[in-house]
Amino acid sequence: MTARKVLVLNGPNLGRLGSREPDVYGATTYADLVADCEKTGAELGLTVEVRQTDDESELVGWLHEAADHKYPVVLNPAAFTHYSYALRDACAQRTAPLIEIHISNPAAREEFRHTSVVAAVATGTIAGFGLNSYRLALRAITTLD
Numbered sequence: 845m846t847a848r849k850v851l852v853l854n855g856p857n858l859g860r861l862g863s864r865e866p867d868v869y870g871a872t873t874y875a876d877l878v879a880d881c882e883k884t885g886a887e888l889g890l891t892v893e894v895r896q897t898d899d900e901s902e903l904v905g906w907l908h909e910a911a912d913h914k915y916p917v918v919l920n921p922a923a924f925t926h927y928s929y930a931l932r933d934a935c936a937q938r939t940a941p942l943i944e945i946h947i948s949n950p951a952a953r954e955e956f957r958h959t960s961v962v963a964a965v966a967t968g969t970i971a972g973f974g975l976n977s978y979r980l981a982l983r984a985i986t987t988l989d
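Here it is as structure tokens:
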């Protein structure tokens, strides 16, 4: 039996993990995040493909791909969380579970981060657990249809 494919999609600035605001996002690099997601996925019987872009239209295209192929998605929309209605509309087209995740807890940060336009169309949201947010989301995917 083929492992279920899951897309782990990351928005702007996440490729700079390890050097970007380590007091908020930690010292783990993006390469470490990719390896950890792939390892966690394998342990859970999932095939995980991790992607990152700073380009809103590319992220929207990946969400369309996920909808077309019925791939579950773990999505860290980063700054797009708070204002991208294009991203929200792409998420609304999902055909499989979509878990919105955040490394930090947006509700405990600046006020402009308190609103997610994605949350209402996601299956669920996991935030504030550092890179464990990704592990928790992948685990959640295994329990959802």
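In terms of my numbering, the sequence shown opens at residue 845 and continues consecutively. Cβ atoms here follow ideal geometry from the backbone N, Cα and C, with glycine treated the same way. A quick note: this is a predicted structure, and the numbers were derived from the prediction, not measured.
A Cβ-Cβ contact shorter than 7 Å links Pro941 with Ile985. Looking only at Ala936, Arg848, Arg895 and Leu858, the smallest Cα-Cα distance to Gly974 is reached by Leu858. By alpha-carbon distance to Ile945, the top candidate from His926, Ala971 and Ser960 is Ala971. Leaving aside the five residues that flank Glu893 on each side, the residues in its chain whose CB is nearer than 6 Å to its CB run, in chain order, Leu851. Going by DSSP, Leu980 is part of the alpha helix (DSSP H) stretching over Asn976 to Ile985. From the listed residues Val878, Phe924, Cys881 and Pro916, the smallest Cα separation to Ser960 is found for Phe924. Partner residues in the beta bridge of Arg895, as assigned by DSSP, are Leu853. Distance from the CA atom of His908 to the CA atom of Gly855, rounded to whole angstroms, is 15 Å.
Beta bridge pairing from DSSP links Ala971 with His946. DSSP, read as helix, strand or coil, puts Leu858 in helix. In the DSSP annotation of this structure, the continuous segment of the beta strand (DSSP E) that includes Val917 starts and ends at Val917 to Asn920.
In this structure, the straight-line span from the alpha carbon of Ala964 to that of Ser928 is close to 13 Å.
Of the candidates Asp933, Asp876 and Pro950, the residue whose Cα lies closest to the Cα of Ala911 is Asp933.
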